[in-house]
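Step one of this worksheet: look at the structure below.
Protein chains: 2
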Amino acid sequence: MRTKSGNKDRDIANAAIKVFARDGFHGARITRIAEEAGVATGSVYLYFKNKESILHHLFFEIWQRIRDQFMGVVSRTDITPREKLEELVDRIFALFSRNPSLALVFVNEQHHLVREGTAEFMKYYEDFLKLTEDVIRDGVKKGQFRKDVDARVFSNFVFGGMRQLLQHWARSQKEFPLNSIRQGIRIIAIQGILKTPTT
Amino acid sequence: MRTKSGNKDRDIANAAIKVFARDGFHGARITRIAEEAGVATGSVYLYFKNKESILHHLFFEIWQRIRDQFMGVVSRTDITPREKLEELVDRIFALFSRNPSLALVFVNEQHHLVREGTAEFMKYYEDFLKLTEDVIRDGVKKGQFRKDVDARVFSNFVFGGMRQLLQHWARSQKEFPLNSIRQGIRIIAIQGILKTPTT
DNA sequence: GTTATATTTGAATAATGATTCATTAATCAG
DNA sequence: CTGATTAATGAATCATTATTCAAATATAAC
C-alpha cells in the first residue's frame with residue numbers, strides 16, 4: 185500500500201487561486217498551476233476532474249463560507265438590522281482580507297460558472313442573497329429602514345459595490361486600504377451621501 | 185474597382201455583441217459570429233484584426249459614449265451636484281436600455297481587456313471615474329454632500345452596484361424593470377437606507 | 001529484501017477553434 | 001464587353017493546451 189503524501193489537493197487549489205488571479209481562468213495553464221503547486225501536470229487530474237472543476241471547488245468553498253457566516257449573523261437577536269448589515273459587510277471583507285488573489289478570482293471569474301446554471305454553489309449564493317434581503321425587510325418592518333427601499337435591489341446594489349471595491353483593493357492594497365473601503369460602504373449604503381445629521 | 189457593400193463592420197460588431205453576450209468572450213466562436221452577421225468566416229478578418237479586437241472595438245465605443253455623455257452633464261451649471269449624479273446614472277441606463285446583450289458584454293467581459301492594461305478605451309474609463317469624482321467633490325464643497333464621503337470610494341461603489349443591477353436586468357427585464365432599479369439606486373446612493381425625512 | 005499496491009510523473013495525444021490564403025465573385029472604368 | 005481591381009468566401013492550416021496513460025516511483029506489509 186501507499187498513502188497520499190501531504191495535502192496536494194490544497195496545494196493545487198491554492199496554486200490555482202494564484203494563477204487564476206494573475207492570468208484569468210481562460211489564460212491560466214494547467215501546467216502552470218501544477219508547477220506552482222509543486223506537482224506534475226498529470227497529478228492535477230488525480231485531485232480534480234478538470235480545470236473547470238477547480239474553479240467550481242473554489243467557488244463552492246467561498247460561497248459556503250459566506251453563507252455560513254451570514255446564517256450566524258442573521259440569526260442573532262441581540263443586534264439591530266443596521267448592525268447586522270454592517271456586520272455582514274465586515275464578514276465578507278474579513279474572508280478575503282488575507283488573500284487578495286482569492287478576492288480577484290471571486291470578483292472576476294464567477295460568470296464562467298453561472299452561465300451553465302448547473303453550479304453546485306448556486307444554492308449558497310441564493311441563500312446569501314435571501315439572507316441579506318431578510319435583514320433589509322426586517323429593518324423596514326421594525327421601522328429602522330426606509331419603507332421605499334427595495335430589498336432585492338438594495339442587496340444586489342451593495343453586493344455589486346463591494347465587488348468593485350474588493351477588486352480595486354485586491355489590485356492595489358495601498359491605494360484602497362480595506363478600512364477606508366469598509367468605512368466608505370457603511371457611510372454610503374447606510375446613511376447615503378446627503379448631508380444630514382443622522383448617525 | 186469594387187466597393188464594400190452594406191455595413192459589414194457594423195453587422196459583425198452587432199453579431200459579436202449577441203454571441204459574446206450569450207456565450208461569453210471565450211465561449212464565442214468566430215464562425216458563429218460570422219454566421220450571425222451573414223458573412224463568411226474569413227470576412228470577419230477583413231474588418232477586424234482578430235477576435236479580441238472586436239471586443240476592444242465594442243468597449244471603445246461604449247466608454248467613449250459614456251465619457252461624452254458625462255462631459256456634457258458635468259459641465260452644466262444649471263443643476264446641483266445631486267441632480268448631476270442622478271442624471272449620470274440615468275445616462276448609463278439609457279445607453280443600454282435598448283440593448284440587453286450589450287449590457288451583458290459590458291458587465292461581464294471588461295476584465296479580459298483590462299488585464300493587459302494596454303487597452304485604448306482605458307483613458308475614457310479613467311475620464312469617467314474622474315468626472316464622477318469631480319461631481320462628488322463639488323457637492324461636498326458646496327455643502328450638499330457629507331464631508332466624510334470619499335469620492336473615489338463612492339464612485340466605484342455606485343458603479344459596481346449599477347453593474348450588478350444592469351446584469352440582473354439584462355438577464356431578465358421582467359424581474360428587474362429598469363425603472364425600479366433606477367429609482368432604487370437614487371434612494372440608496374443618495375439618501376441611504378436609514379429612515380429619516382430628507383428628500 | 002521482496003512483492004504488492006497506490007501514487008506520481010510528464011511526454012504523447014487529441015481536440016479544438018482562431019486564423020490564413022488560394023480561389024471565386026462583384027463592381028467599376030473605359 | 002473586357003480587363004483590372006477589390007471584396008468575399010470557406011476549407012485547410014496551424015498553434016495551442018487540456019487531458020490521458022504507460023511507465024516510474026514510493027510506501028507498506030510481510
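Top line first, the protein sequences correspond to chains A and B.
Using the working numbering, read the first sequence as starting at 185 and increasing by one per residue.
Using the working numbering, read the second sequence as starting at 185 and increasing by one per residue.
Every residue, glycine too, gets a C-beta built ideally from N, C-alpha and C.
Quick caveat: nothing in here was measured; it's all calculated off a predicted structure.
Chain A contact for B:Ile372 (CB, 7 Å cutoff): Taking Cβ atoms only, chain A reaches closer than 7 Å to B:Ile372, which makes this a yes.
Cutoff 7 Å; reference A:Glu125; Cβ partners in own chain excluding five residues on either side: Nothing about residue 125 of chain A can be reported from this structure: the residues present for chain A run from 185 to 383 only.
Cβ-Cβ separation, B:Glu220 to B:Lys202 (assumed contact under 8 Å), whole Å: About 6 Å separates the two Cβ atoms, so the contact holds.
Of the listed residues B:Ile214, B:Glu245, B:Gly222 and B:Val342, nearest to B:Lys233 (C-alpha basis): The option with the nearest alpha carbon to B:Lys233 is B:Ile214.
Host alpha helix (DSSP H) of B:Glu293 (start-end): Unbroken alpha helix (DSSP H) run through B:Glu293: Pro284 to Val298.
Cβ-based burial, A:Ile365 [other Cβ within 10 Å; buried from 16]: Around the beta-carbon of A:Ile365, 16 or more other beta-carbon atoms lie within 10 Å, marking it buried.
Delimiting residues of the alpha helix (DSSP H) encompassing B:Ser227: No alpha helix (DSSP H) holds B:Ser227; DSSP gives it neither H nor E.
A:Gln357 - DSSP class collapsed to helix/strand/coil: Coil at A:Gln357, not helix or strand.
Nearest neighbour of B:Asp195, chosen from B:Gly208, B:Phe243, B:Arg206 and B:Ile238 [CA to CA]: That would be B:Ile238, whose Cα lies nearest to the Cα of B:Asp195.
As assigned by DSSP and simplified to three states, the class of A:Arg213: When DSSP states are grouped into helix, strand and coil, A:Arg213 belongs to the coil group.
Contact set for A:Arg216: own chain, Cβ-Cβ below 6 Å, skip 5 residues either direction: So the qualifying residues of the chain are Val203.
First through last residue of the alpha helix (DSSP H) which encompasses A:Lys268: Run containing A:Lys268: Pro265 to Phe280, per the alpha helix (DSSP H) assignment.
Minimum Cβ-Cβ distance from B:Arg366 to chain A less than 7 Å: No, B:Arg366 lies away from the interface with chain A (no Cβ there is under 7 Å from its Cβ).
Neighbourhood of B:Glu270 by C-beta distance below 8 Å, restricted to the same chain and skipping five residues each side: If the five residues before and after B:Glu270 are omitted, its C-beta is found closer than 8 Å to the C-beta atoms of Arg370 and Ile374, all from its own chain and listed in chain order.
Backbone secondary structure at B:Thr383 - three-state DSSP: Its pLDDT being 44, under 50, B:Thr383 is placed unreliably by the model, and the measurement read from it follows with that caveat. DSSP places B:Thr383 in coil when its eight states are reduced to three.
CB of B:Tyr308 within 7 Å of CB of B:Gln248, strictly: Yes, they are a contact pair.
Contact set for A:Thr382: own chain, Cβ-Cβ below 6 Å, skip 5 residues either direction: Note that A:Thr382 scores 47 on pLDDT, short of 50, meaning its location in the model is unreliable and no value can be drawn from it.
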